[in-house]
Structures are given as structure tokens and as C-alpha cells.
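J.: Same order as they appear, the protein sequences are chains A and B.
Sequential numbering from 1 applies to the first sequence in this note's numbering.
Sequential numbering from 301 applies to the second sequence in this note's numbering.
Beta carbons: idealized from backbone N, C-alpha and C, even for Gly.
If you're wondering where the values come from, they're calculated on a predicted model, not measured in any experiment.
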Amino acid sequence: MAERDGGHRRPSRGRWAPYGLLAPGVIWLTLFFLVPLASLARMSLSSKQSRFDFVPSFSWDWANYGDVFSLYGTQLARSFGFALAATVLCLLIGYPLAYWVAVHGGRWRNVLIGLVVVPFFTSFLLRTISWTVLLADNATVVRAARGAGLLGVLRAAGLIDGDRLLDTPLAVIGGLTYNFLPFMILPIYVSLEKIDLRLLDAAADLYASGASTFRRVVFPLSLPGVFAGSLLTFIPASGDFVNAAFLGGTRSRMIGNVVQDRFLVQLDYPGAAAISLLLMAIITSAVLLYARLLGTEELA
Amino acid sequence: MPIACSGTTATTCGSAEPAPRPDVSGSAIGDRVRSRRRPRTPCRDSTTIAVLHFTLHHRVHAQESRGIDGNPVIQFEQVSKAFGSVTAVHETDLTIVEGEFFSLLGPSGCGKTTTLRMIAGFERPTSGRIRLDGVEVSTVPPYRRNVNTVFQQYALFPHLSVFDNVAFGLRSSRTPAAEVRDRVEEMLAVVHLPDVSRRKPSQLSGGQQQRVALARALVNRPRALLLDEPLGALDLKLRESMQAELKRIQGELGSTFVYVTHDQGEALTMSDRIAVMHQGRTEQIGTPQDIYHRPANAFVASFIGNANLLRARVVERAPAPQPDGARLVVEVPGLGRFPATATVDPLPVGPLLFMLRPEAIVVTAEEPAQGTAVAVTITEVTFAGATLRCAGRSDGGATIDAEIGPTAVGARPQPGTRMWMSWQHDAARLVPADSASAEDLPAGTDTAPTRVSPDTPTTPTTPARPAGERN
């Protein structure tokens, strides 16, 4: 009897078990992602009857989207510019570091790569606020830079305005770079670490010098890591508002600050919703374009 | 079947040129060479054994006439390599000539891969000089040496197509695109892989990847092709067909091959000459016949094929070479006194071992009229496919292993029966025990008859693997 029950139940359990594994994720994402997203989309097409109307009514009001470009085009462009600059900086700092640890780290590899994550033990907000102390006008860093004539160079390059670092675009880019650097290093390290070191011997055996080996073998094989790292850096950086809020001035407000301001200060829910959705759409297309350029499907 | 099996030759440690070989006598040993099995190596089937058998006989004449005269391509002059405090390769002299198939053979950790990596330029010698075509290259980086390597796990570039993999070296040396295309296609045809040039290495079978690796190295027309256990990752059948394939390609292109392997059967069938390495030292360099029939010491004797090795001492020396080649009479405790031929002349000071190949022994029920015979009690009989292996114990307590071929006539041995084991005089050899095996011999062997298991001296006890073999 028991045997027949077991025999009866097994196929049905086999059929449903995979979906069982999927269920928590599906429920979670439906409740906390799809439903809010739909309500966000609905909100972006709503309009307020008056300035003091708390609950905007749905009215297929596409004007919200038009407003985004006319009113906040500058912040939008600046966001992507800052995010791009931070991503490139992360790549320039992170790639050599990941490469060194992967190739020369030896038995210290795991310790070294663990150190990269250590800043995460402190809260993101706290770390960013600490930068305001670091970059304060009378702080050692700034005084040293001023003494070395570095501030003059940065001013000439248009990266800062006056005689200070805080409240400048440079400070925001620096903060973004600092905060997202581990997200660049880790995937690149993983992809470099997977490379069979004998491939380097093989390239040398086939007359490729060190530089040529890097260009023709190592870098192409690390592209999946570069791709993942860039996305993990660029996407959150372009929507970030914390760095701009604490480290930036009026000339370095990002789209994240606009969204925050619209939602929490001006209570303009439709406008904020429209900006958010537009940001998502732009990032998605940028990622697809990037994937196409790198030919990521072909890497495996 | 005239196999030159002279009594006085052995090429010992570090000497590149074999001593002149007085051709003294023919030998019957070769006729009975049927199996080259070693303990712990996977069983070879009867086909291989037959092929091996044929090759050994077949090659003799070519070998004797060729010798190693020729244009030296690779020369080692007192080359050594140490990794920290571990010496991977002790001072070695070596000459590899143009067009030769030269094997570096030895157990893992013996320094063969390090030797190969020094030729390729991945390791710099700690001392000594390496010459390539007469020019010293000891400190020249690998990408400026005109040798190419086939790596153990192929090391094909996974992101490049087969065509781009093969073209890699040519593009490094800035060969015009049209020439690259022609030469790559030509080489893919040589390795019988013309239709896969667009595919990625991961889409190929192991054997196909092996051929790509070969083409990628050979397309550069290197002065020497270095192969690091290239067939290790293939299954037995594929390995055998690739062995033949490698020989065919080497013959077609006339290139110099330096082949690293731990498989003595592979080295014997493929090589023109073999260097047997052990714990960083070259124990012997010679043709497969030299090494098989005239091992320089007990390590070589037991690493190449199977051997009965028994402690012995010389009781009588003939003043001049005897007609049958044997110049010595030795006493083997527990077995008796027999004529034997030394494999090394002069014999070094130190313990000596009496060597008999199991396949050189004939087992009969009656005492044979010819040769040397010992009465034994059969203790063990094992069926091994093409052959029957049996162990016999003499009245004195010594144990001898014999291998009986499928064409052997007479009674089949049964455990417990009394039978005769006999051999031709010139099958009996006297081999110097190398230091490693001498230590392994139990103390007090003067009184107690001792049988050195063929396994004992070969077990390498290298403390650390050289970095070159870390994978």
C-alpha cells in the first residue's frame, strides 16, 4: 500500500519539484518588483489636479515623459557621464590590481582579494560621509594637492571650480569610483583566475612577447569579467544619489538626486516615476548595445 | 633474426655518444620479446604487443646503420636546474641531432619535463649551457627561440578558432596574410583536419585537439618540436593511433622531435634514441635496443620492461671474449653459478645484480639439453591474455618470474609442480645496482637469497616535484 502510494507520488513530485524551487523567487519578485513596477508605470502616466493633490489620478498623461528631457536633460547626461567616468576609472584601477593578484598572488590570492571587500564591512553611507572629511577644505589631502599645484591643473582641466575639492564633479566621480571599485575587481579577478597559465607559456612559445600575449590572449579571455564588472559599476553608479548629495555641489547633481527630490521633497510622484522608468529604459538599451559590441554571447 | 646484442656496451650517465659497440653475437632474446608490461601500467592488448614486437625487430638495421651521426640541433653542456633547494636536473650533457625522434623517459618527478622546458626557454638553467644549432640560447626567452612545444593538455586558445590557433605563431612573426592562410591550410591537411578550421577548440574531440596542437606548433617549421606527454590525455586506442600518426608526420616533415613520456612502451616503439632519467639524472642514453638489452643499471633494467634482478657476485672472469659473448661466471645465491654478460664495461665498484628478462625464460617439464637450466617449484601462475606469467622458486629459495608466450610448446605450468626454467647464456646479464636500488636491498643478502622485485628500485621517492611539472 505504502509502496503504491510512493510510486504514485514520485512522478508528480518530480514534475513539480523544479517549479517549487522557482516559487520563492517568483513570489518575491512579483510582489516586490513586478507589482511596484506596474504601479510605477501607472503613476508615471497620472497627473495631479492641483499642487496639493496627494493622490494623482491615472490619465494617460505622457507629458511627464516630455518634461524629463526638457527639465532634467542636463542631470540625465551628467549622470551617465559621471557613471561612465567612474566605470573607466574603476577599470583602470581594478584591472591591473585583479591581474596582479591572479597572476602573482600565489598563496596570498584569497587574502588579497578578501581585502578588496573589507570596505563593505562599513556602511555605504558612512563611507561616503567620511569622504567629506577627507576632502574638506583644510584636510591634509587638499592642502597637499594645493601645495603641489595639483588643484591648479584640475581647475584648468575643468574638473573643479575654485580652490577646493569638495562639492565638485571630481569629488562625485571619485566617490563613485571608490564605492563601486570592488564590483569591478571581483568579476575581473574571477575571469583572470580561470585562465590556464599554460596558455601564457603557449603564447610565448608561439613567439608572442608579453605585451602581445596580453593583447591577444589574456585580455580577450577576461572580457566576460570586464563586461560583468562594467555593468555592476555603471548601472548602480548612474542611478546613485548619495555621492552627489554629500560630495557634489549644485553643478554636480545627478538624476538620482532629481528623483529623490521629486519623490520626497516635491511629492511629484508622476514626474519621479517617469524619470525612473526612463532611466531604466536607457540603461537597458545601453547594456544591450554594450553586450553587442563586446560580443559576449560568443564568449563562454 | 640478428639482434646485435653485444656484451660490452652501455652508455651511462651523461654521455651523449654511445661507446663503440663490438658486434659480438646474435641473440635469441628478441625472439621472445612479447610483452613489455610493467606493474601498474595499464594492460596493453595483444595487438599492441604484436606491433611492439615487430617494431623492435624491424628497427634494428636502420638503427645500427644510422647511429647518431648528424647535425646537432640541441646540445646540453653540463646543464642543471634547481628550484630553491631542490635540484630538478643534475649536470647533464645531451646532444640531439637533426631529424631524430628523441625521447626523455622516466617516472614523474624525474626532471624530464624540466629538461624540456629548458629547451623551450620556460626555465633558465641554473648552470651550464644550452645550444640550439650551435648558438647558445640559455638566457634567450621562449618567444625568440625557434622551437615549438605541444603541451600536455594542449593549451589551445579557447577564444580562437582552430584556424586562428594554428595561425598564432605565424602572425606573431608578422607573416603576410596570404602565406599564413596557405601554410595553415597545408598544415591542417597534414594532420588530417581540413574541415574544422572555423570551429572552436571546445567543439573538437580530444584527438582532434591533439592534432590542432601539433599543427599549431609544426606550422612554424621549428628546428625541433618539443612534445610534453602529448598523448597522456587520450584513451588507449586513440593513443596508439596517434603514436603511428606522430611517426608518420615526423617522417613526412623530417623534423626533430623531442618527446617527453613516462610510458616506456611508447618510448620504445617511437624513438630513435631514448634518455632514461631518474631523480634528475640521465641514467642512460641509447637506442631502444641498447636500453632494453643492455641497461646501464638496475633502475633502467626494471623501468624498461620487466626484469628478474638478483644479487650476484663475479666468481670468474674470462680473459678474452668468448664465442657466446659471456665473459663472466657469476654466483647467484640460492640459484647457482651461471655465465653472464656485463652490460657495462668496465663494471663499477659496488653491488651487482644478475638480470634475466621474464620473456627470455623457457619453462619445460624436462631438463632441456641446451642453455642454462634451474629446477623450480612453480608457485604462481597468472593468465595475462597474450602471455602466461608464472613464478618459480628454486631449491635454494630464489624466486624467478617467467613469461610464457602463446607459441610456447610443452606442458603448461601448474602451481606446485616441479619444472625447469632455462635460458640462453647471452640472455643472462650482469647489471650494476644503482645507488637507489642498493639501498632498497634488504641487509644480509649474502646468506639469504634475495629477489629484488622489479618494482622496488623504480619507485621514485623524489621529495618535491619540480615546478615545471606542477600540472
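Under 7 Å Cβ to Cβ from residue 425/B, same chain only, skipping five residues before and after it: list those, please.
T.: Cβ neighbours of residue 425/B beyond the five flanking positions: 379, 380, 381, 418 and 438.
J.: So residue 373/B packs on residue 524/B, CB below 8 Å; how close in whole Å?
T.: With 8 Å as the limit, residue 373/B and residue 524/B qualify as a contact, their Cβ atoms being about 5 Å apart.
J.: What's the C-alpha gap between residue 46/A and residue 98/A?
T.: Roughly 48 Å between the two C-alpha positions.
J.: Could you name the residues that DSSP lists as bridge partners for residue 409/B?
T.: None, per the DSSP bridge assignment.
J.: Rank 479/B, 509/B and 482/B by C-alpha distance to the C-alpha of residue 493/B and give the top, closest one.
T.: Ranking the options by Cα distance to residue 493/B, first place goes to 509/B.
J.: Return helix, strand or coil for residue 201/A, following the three-state DSSP convention.
T.: DSSP places residue 201/A in helix when its eight states are reduced to three.
J.: Give the residues of chain D in contact with residue 472/B, contact being defined as C-beta atoms less than 7 Å apart.
T.: Of the protein chains in the structure, A and B, none is chain D.
J.: Ignoring anything shorter than 3 residues or poking outside the segment 526–585 of chain B, list the beta strand (DSSP E) runs there in chain order.
T.: Entirely contained in the segment 526–585 of chain B, the beta strand (DSSP E) runs reaching 3 residues are, in chain order, 556–561 and 573–578.
J.: Quick one: is residue 495/B buried, meaning 16 or more other Cβ sit within 10 Å of its Cβ, or exposed?
T.: Per the 10 Å Cβ criterion, exposed.
J.: In whole angstroms, what is the alpha-carbon distance linking residue 281/A and residue 90/A?
T.: Their Cα atoms are separated by approximately 24 Å.
J.: For residue 638/B versus residue 682/B, is the C-beta spacing smaller than 7 Å?
T.: Contact flag unset, no.
J.: Kindly list, in the order they appear in chain A, the residues whose Cβ is closer than 8 Å to that of residue 449/B.
T.: What residue 449/B touches in chain A: 201, 202 and 205.
J.: Taking Cβ-Cβ distances below 8 Å as the criterion, which residues of the segment 173–196 of chain A are in contact with chain B?
T.: Going along the segment 173–196 of chain A in chain order, one finds 196 with a Cβ nearer than 8 Å to chain B.
J.: Quick one: Cα of residue 588/B to Cα of residue 684/B, how far?
T.: Approximately 24 Å, taken between the alpha carbons.
J.: Kindly say whether residue 155/A, judged by its beta-carbon, lies nearer than 7 Å to any beta-carbon of chain B.
T.: No, because no Cβ of chain B sits closer than 7 Å to the Cβ of residue 155/A.
J.: Can you tell which of 375/B, 388/B and 640/B has its C-alpha closest to the C-alpha of residue 581/B?
T.: If we check each option's Cα against that of residue 581/B, 388/B comes out closest.
J.: When every heavy atom of the ligand GDP is checked, does at least one fall within less than 6 Å of the C-beta of residue 699/B?
T.: The ligand GDP is absent from the structure shown, which contains no ligands of any kind.
J.: Determine the closest residue to residue 444/B out of 435/B, 451/B and 452/B, with distance taken between C-alpha atoms.
T.: Per the Cα distances, 435/B.
J.: Less than 7 Å separating the beta-carbons of residue 529/B and residue 491/B?
T.: No.
J.: So residue 215/A contacts chain B; which residues on that side make the cut at Cβ distance below 9 Å?
T.: Within 9 Å Cβ-Cβ: nothing; residue 215/A doesn't reach chain B, min ~11 Å.
J.: My output table needs one value for residue 28/A: the three-state DSSP class, helix, strand or coil.
T.: Helix at residue 28/A.
J.: Could you check whether the segment 242–253 of chain A touches the segment 122–130 of chain A, counting it as contact only if at least three pairs of C-beta atoms, one from each stretch, sit closer than 8 Å?
T.: Contact between the segment 242–253 of chain A and the segment 122–130 of chain A is present, because at least three Cβ pairs lie under 8 Å.
J.: Establish whether the CB of residue 224/A and some CB of chain B are separated by less than 7 Å.
T.: Chain B, which has no Cβ nearer than 7 Å to the Cβ of residue 224/A, makes this no.
J.: With a threshold of 7 Å between beta carbons, is residue 384/B in contact with chain A?
T.: Judged by the 7 Å Cβ criterion, residue 384/B is not in contact with chain A.
J.: Taking only beta-carbon positions, decide if residue 198/A is within less than 7 Å of chain B.
T.: True, the Cβ-Cβ gap to chain B drops below 7 Å.
J.: Using beta-carbon positions only, say whether residue 447/B and residue 516/B come within less than 7 Å of one another.
T.: Contact: no.
J.: For residue 430/B, which residues does DSSP report across the bridge?
T.: Partner(s): 376/B.
J.: Does the segment 255–262 of chain A touch the segment 215–230 of chain A, meaning 3 or more C-beta pairs lie closer than 8 Å?
T.: Touching, no, given that fewer than three Cβ pairs across the two stretches are closer than 8 Å.
J.: For residue 327/B, decide whether its Cβ has a neighbour in chain A, counting only Cβ atoms nearer than 7 Å.
T.: In this prediction, residue 327/B has a pLDDT of 37, which is less than 50 and means its spatial position is unreliable; what the coordinates show is noted afterwards. No, residue 327/B lies away from the interface with chain A (no Cβ there is under 7 Å from its Cβ).
J.: What does the alpha-carbon distance come out to for the pair residue 697/B and residue 719/B?
T.: Cα to Cα, residue 697/B sits roughly 15 Å from residue 719/B.
J.: Just tell me which of 627/B, 576/B, 650/B and 636/B has its CA closest to the CA of residue 642/B.
T.: Residue 642/B has its Cα closest to that of 627/B, out of 627/B, 576/B, 650/B and 636/B.
J.: First and last residue of the beta strand (DSSP E) that includes residue 448/B?
T.: Counting along the chain, the beta strand (DSSP E) containing residue 448/B begins and ends at 447–450.
J.: Does the separation of the CB atoms of residue 176/A and residue 237/A fall below 7 Å?
T.: Cβ distance < 7 Å, so residue 176/A and residue 237/A count as in contact.
J.: Would you kindly work out how many angstroms separate the C-alpha atoms of residue 1/A and residue 28/A, rounded to a whole number?
T.: Only weak support exists for where residue 1/A lies, its pLDDT of 42 falling under 50; the coordinates are left without a value.
J.: Could one say the Cβ of residue 221/A lies closer than 7 Å to chain B's Cβ atoms, at least one of them?
T.: Residue 221/A counts as touching chain B.
J.: Kindly indicate the opening and closing residues of the alpha helix (DSSP H) around residue 275/A.
T.: Unbroken alpha helix (DSSP H) run through residue 275/A: 269–294.
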